[in-house]
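Under the numbering used here, read the sequence shown as residues 2 to 217, first letter to last. For every residue, glycine included, the Cβ atom is placed at its ideal position computed from N, Cα and C. Structure first, then comments.
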Amino acid sequence: LYGFGRYSPDLRDTLRISHLQVQRFGILLDTGNYVGHPLTGWFYDNWGPKVACLSAAVVVFLSYGSIHLSLASSWPNPLWIMDLGFVGVGFGSGLGWIAGLGSTKEQFLSTPHLGHAVSVLVAGYELSSILVGISYHYVGLRSLFLLWACLVAAVNILGAAFFTHKGQDKQSTSSYADEARDEGDLVHEYESLAEPRIGVNNYVDANYLHEKILPE
Numbered sequence: 002l003y004g005f006g007r008y009s010p011d012l013r014d015t016l017r018i019s020h021l022q023v024q025r026f027g028i029l030l031d032t033g034n035y036v037g038h039p040l041t042g043w044f045y046d047n048w049g050p051k052v053a054c055l056s057a058a059v060v061v062f063l064s065y066g067s068i069h070l071s072l073a074s075s076w077p078n079p080l081w082i083m084d085l086g087f088v089g090v091g092f093g094s095g096l097g098w099i100a101g102l103g104s105t106k107e108q109f110l111s112t113p114h115l116g117h118a119v120s121v122l123v124a125g126y127e128l129s130s131i132l133v134g135i136s137y138h139y140v141g142l143r144s145l146f147l148l149w150a151c152l153v154a155a156v157n158i159l160g161a162a163f164f165t166h167k168g169q170d171k172q173s174t175s176s177y178a179d180e181a182r183d184e185g186d187l188v189h190e191y192e193s194l195a196e197p198r199i200g201v202n203n204y205v206d207a208n209y210l211h212e213k214i215l216p217e
């Protein structure tokens, strides 16, 4: 995303398109990432980081792969393939980013190091444009997208292997709370049913409690 300006002139010359057309790819890249965040956030909330990272790996790999094939093929490809490719790269990268950010927040939320962890993640996200520039310098435009297809997919697969999601723990805590409420309701019912059986001497009929209430 941040390294687009590094290779966009070469991309424009290779495809023999106008400056306005090549900038459209950058706009679509931004759109897939930033406009797609509400959807990627919903995806992460419902499916967790493992599925999100694996999905990001597939989307980015296919999207970068389509861009690579469009550049490597000898026959002219319609620009809409490139359009879809850049939208997919932005969306898939955003999905992996949300998974990483959400998992980091969950991991460090109960520690005094949350700000440090998130700041390192944000710095790595933005400074990755340096890696784009370095890789472009050494491999060139035609191999750049294939390299990053494999690299981003591999990083997201690592995320799927190591990221954890505390949603299950929250569900367990919720079930324990529900169980505690059920026990509280039972005790309340126990007391309300026992109250009419208290006699003039203020004692509870034990046989009534064991035979009538406890089996229920």
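Which residue comes first and which comes last in the alpha helix (DSSP H) that contains residue i?
{"i": "LEU80", "result": "80-109"}
{"i": "VAL42", "result": "The amino acid at residue 42 is misidentified as Val; the sequence shows Gly. Counting along the chain, the alpha helix (DSSP H) containing GLY42 begins and ends at 38-73."}
Which of the three DSSP states, helix, strand or coil, is assigned to residue i?
{"i": "GLU180", "result": "In this prediction, GLU180 scores a pLDDT of 49, lower than 50, which makes its location untrustworthy; no coordinate-derived value is stated."}
{"i": "TYR137", "result": "helix"}
{"i": "PRO113", "result": "coil"}
{"i": "LEU238", "result": "In the structure as shown, the chain starts at 2 and stops at 217, and residue 238 therefore has no counterpart that could be examined."}
{"i": "ARG17", "result": "coil"}
{"i": "PHE164", "result": "coil"}
{"i": "ALA124", "result": "helix"}
{"i": "LEU1", "result": "This structure leaves residue 1 out entirely; the chain is present only between 2 and 217."}
{"i": "GLY33", "result": "helix"}
{"i": "TYR3", "result": "coil"}
{"i": "LYS171", "result": "Confidence in LYS171 is poor, its pLDDT being 46 and thus under 50, which makes the residue's placement too unreliable to answer from."}
{"i": "TRP149", "result": "helix"}
Whole angstroms is fine: what's the gap from residue i's alpha carbon to residue j's?
{"i": "VAL127", "j": "TYR3", "result": "It should be pointed out that residue 127 corresponds to Glu in this sequence rather than to Val. So the alpha carbons of these two residues sit roughly 7 Å apart."}
{"i": "GLY89", "j": "PHE62", "result": "9 Å"}
{"i": "LEU145", "j": "GLY93", "result": "17 Å"}
{"i": "PRO10", "j": "GLY134", "result": "13 Å"}
{"i": "TYR45", "j": "HIS166", "result": "10 Å"}
{"i": "THR41", "j": "SER104", "result": "14 Å"}
{"i": "SER129", "j": "VAL60", "result": "19 Å"}
{"i": "PHE109", "j": "LEU115", "result": "5 Å"}
{"i": "LEU72", "j": "GLY37", "result": "26 Å"}
{"i": "TYR65", "j": "HIS117", "result": "32 Å"}
{"i": "TRP43", "j": "LEU142", "result": "34 Å"}
{"i": "LEU132", "j": "LEU147", "result": "14 Å"}
{"i": "VAL140", "j": "HIS69", "result": "13 Å"}
{"i": "ALA178", "j": "LYS106", "result": "Bear in mind that the predicted position of ALA178 carries a pLDDT of just 46, short of 50, making it unreliable; the figure below should be weighed with that in mind. Distance between the alpha carbons of ALA178 and LYS106 is about 24 Å."}
Is there at least one non-hydrogen atom of the ligand ADP closer than 7 Å to the beta-carbon of residue i?
{"i": "ILE131", "result": "Inclusion of the ligand ADP in the displayed structure is not the case, the ligand content being empty and no account of it being possible."}
Relative to the C-alpha of residue i, which candidate in the options has its C-alpha closest?
{"i": "SER120", "options": "LEU102, ILE131, GLU107", "result": "LEU102"}
{"i": "ILE82", "options": "LEU96, SER67, GLY95", "result": "SER67"}
{"i": "VAL156", "options": "ALA57, LEU12, LEU21, PRO39", "result": "ALA57"}
{"i": "LEU80", "options": "ALA150, VAL153, LEU159, LEU12", "result": "LEU12"}
{"i": "ALA220", "options": "TRP43, ALA100, GLY91", "result": "This structure leaves residue 220 out entirely; the chain is present only between 2 and 217."}
{"i": "LEU30", "options": "PHE5, GLN22, PRO39", "result": "PHE5"}
{"i": "PHE87", "options": "ALA154, CYS151, GLN24", "result": "GLN24"}
{"i": "LEU122", "options": "THR112, TYR137, SER136, GLY97", "result": "GLY97"}
{"i": "GLY33", "options": "ALA150, SER136, LEU85, GLY91", "result": "GLY91"}
{"i": "TYR8", "options": "SER136, CYS151, LEU21, GLY95", "result": "SER136"}
Validate contact between the region 6-18 and the region 40-55 using beta carbons, cut 8 Å, 3 pairs: Flag = no, the region 6-18 and the region 40-55 do not touch.
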